[in-house]
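What follows is a single structure, written as structure tokens, with notes after it.
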Amino acid sequence: MNLQDVKKLLGQLYRRQFLRRGPRIVAIGGGTGLPVLLRGLKEYTENLTAIVTVADDGGSSGRLRGEFGILPPGDIRNCLVALAETETLMDKLFCYRFGQGAGLAGHSLGNLLITALVDILGDFQTAIKEVSKVLKVRGQVLPSTLRQVVLHAELEDGTTVSGESKISQSRAPLKRVYITPGECAPVPEALKAIGQADLILLGPGSLFTSVLPNLLVQEIAAAVKAAPAVKCYICNIMTQPGETTGFKASDHLRALYEHVGPGWIDYIVVNTRQVTPALREKYAREGAALVVVDDHNLARMGVRVIKADLLEEALRETEPVRHDPGKLARTVIRLVCKR
């Protein structure tokens, strides 16, 4: 072994020790927002727990849920890939989506593999643990509950929409969301992780269809509120048509408080960087806009505001506006360092 190899080995050992001693962080959400956060956080700690919604009923996940009676695997698969130690061919396989083929078109290969593992092993959680080993996941990914739940939304006009995918597509102003069955047991490991956490993060992601469904599992919400950890909500960059049309930053917090109870969030993280006029116009045509940071209302709610440029550096007009994983992780990790 030459000197260069020794240096490389020592660097790897130091890196492993650094990650093992990292803060205990719980991230709660789903959809496309949570994996972005996890991709950044895994560079700071391996003591990570992602608690993921199981309310998804659209796309490949919805089809597998309906045909095989399993929990929707898609959001969990995305989080597993995000926490994989390195980007490998296996990660790409898990994300591969069939573009054609009778019965296969639209399905993700990772979703199919998880479904097969559930059938072989007889248990969803065990299947997730085995996938975690294959992908060398830093941390753990847990469903908020092992019950099959249906998400419902009561709209401002008094009507009710049932099913996460239909709620997302309705584009009508929402009043509240709830799940059936109303009482469902949480995953015990999720409660343990929440109780031991240094930092609990909510979002980013669809407020009513990705973040809140986890907190509608009553024991999850109670554990989060009672936990001694720092609690932080990561506000979305853009509003979502229907779900959060016209929402300011304080409206996002208010929705969380109306569903779970007031006064338990310590920080809210908001983006300060503007998008290009072309992107603004594109989103406006779709009924969305940048979330306005209303400092006065946030101060009245007793939450501390963390402002930062959180946008991806290379924003393309053909792609959604997203948080940058590195910027977001650096911003929230400082909250643990302040303790």
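When you line the sequence shown up against the numbering used here, it's residues 21 to 359, in that order.
Just so it is clear, CB atoms sit at the ideal spot from N, CA and C, and this is done for glycine as well.
Assumed close pair residue i, residue j - CB separation to whole angstroms, cut-off 8 Å
i      : j      : result
Leu355 : Cys252 : 6 Å
Leu103 : Leu58  : 5 Å
Ala122 : Leu137 : That belief does not hold up - the Cβ atoms of Ala122 and Leu137 are roughly 23 Å apart, past 8 Å.
Pro193 : Thr135 : The Cβ separation is near 36 Å, so there is no contact.
Val323 : Tyr287 : 7 Å
Ile45  : Asn67  : 7 Å
Leu113 : Leu129 : 6 Å
Leu235 : His279 : 6 Å
Ala210 : Leu162 : 5 Å
Asp76  : Glu184 : 5 Å
Pro297 : Arg191 : Contact flag wrong, Cβ pair sits at about 24 Å.
Glu105 : Arg158 : 6 Å
His343 : Ile257 : 7 Å
Inter-residue spacing [alpha-carbon to alpha-carbon] between residue i and residue j
i      : j      : result
Val181 : Val231 : 18 Å
Leu30  : Gln37  : Residue placement at Leu30 is flagged as unreliable, the pLDDT there being 48, under the threshold of 50; the coordinate-derived value follows with that caveat. Each residue's Cα considered, the two are about 11 Å apart.
Asp314 : Arg274 : 13 Å
Gly307 : Glu332 : 22 Å
Leu318 : Asp271 : 9 Å
Ser164 : Gly126 : 26 Å
Thr52  : Leu330 : 16 Å
Ala247 : Val312 : 29 Å
Trp284 : Lys245 : 6 Å
Leu299 : Val290 : 19 Å
Gly142 : Ala70  : 22 Å
Ala328 : Phe118 : 38 Å
Glu301 : Glu203 : 43 Å
Val56  : Ala269 : 20 Å
Gly89  : Ala242 : 28 Å
Val72  : Arg320 : 31 Å
Tyr303 : Pro345 : 22 Å
Ser226 : Val341 : 13 Å
Val151 : Tyr64  : 22 Å
Pro233 : Gln120 : 32 Å
Thr373 : Lys153 : There is no way to answer for residue 373, as the model of the chain reaches only from 21 to 359.
Gly91  : Gln216 : It should be pointed out that residue 91 corresponds to Leu in this sequence rather than to Gly. Going by the C-alpha atoms only, they are around 26 Å apart.
Glu87  : Arg336 : 37 Å
Gly50  : Arg40  : 25 Å
Pro208 : Leu54  : 21 Å
Asp218 : Leu124 : 42 Å
Gln189 : Phe144 : 28 Å
Coarse secondary structure for residue i, derived from DSSP in three states
i      : result
Leu211 : helix
Ser182 : strand
Met110 : helix
Gln160 : strand
Lys62  : coil
Val295 : coil
Leu310 : strand
Ala217 : coil
Ile240 : helix
Arg196 : strand
Pro282 : coil
Ala104 : strand
Pro93  : coil
Bridge partner(s) assigned by DSSP for residue i
i      : result
Lys327 : Val290
Ile48  : Ile71, Leu222
Ser128 : Arg117
Arg167 : DSSP output for Arg167 lists no bridge partner at all.
Leu175 : Leu194
Val250 : Leu219
His343 : Leu331
Pro206 : Thr165
Lys268 : Val312
Met321 : Beta-bridge pairing links Met321 to no other residue.
Any non-hydrogen atom of the ligand FMN within 7 Å of residue i CB
i     : result
Val72 : Ligands displayed in this structure: none; no statement on the ligand FMN is therefore possible.
Exercise for review: Kindly confirm or deny that the stretch 170 to 177 and the stretch 81 to 90 touch, where touching means at least three C-beta pairs closer than 8 Å.
Suggested key: no
Review point. Using 8 Å as the threshold, is the stretch 188 to 198 in touch with the stretch 93 to 109, meaning 3 or more CB pairs across them?
Key: no
Practice item. Take every Cβ of the stretch 51 to 68, pair it with every Cβ of the stretch 345 to 354, and state whether three or more of those distances are shorter than 8 Å. Key: yes
Practice item. Report yes or no: do the stretch 249 to 269 and the stretch 217 to 224 share at least 3 C-beta pairs separated by less than 8 Å? Key: yes
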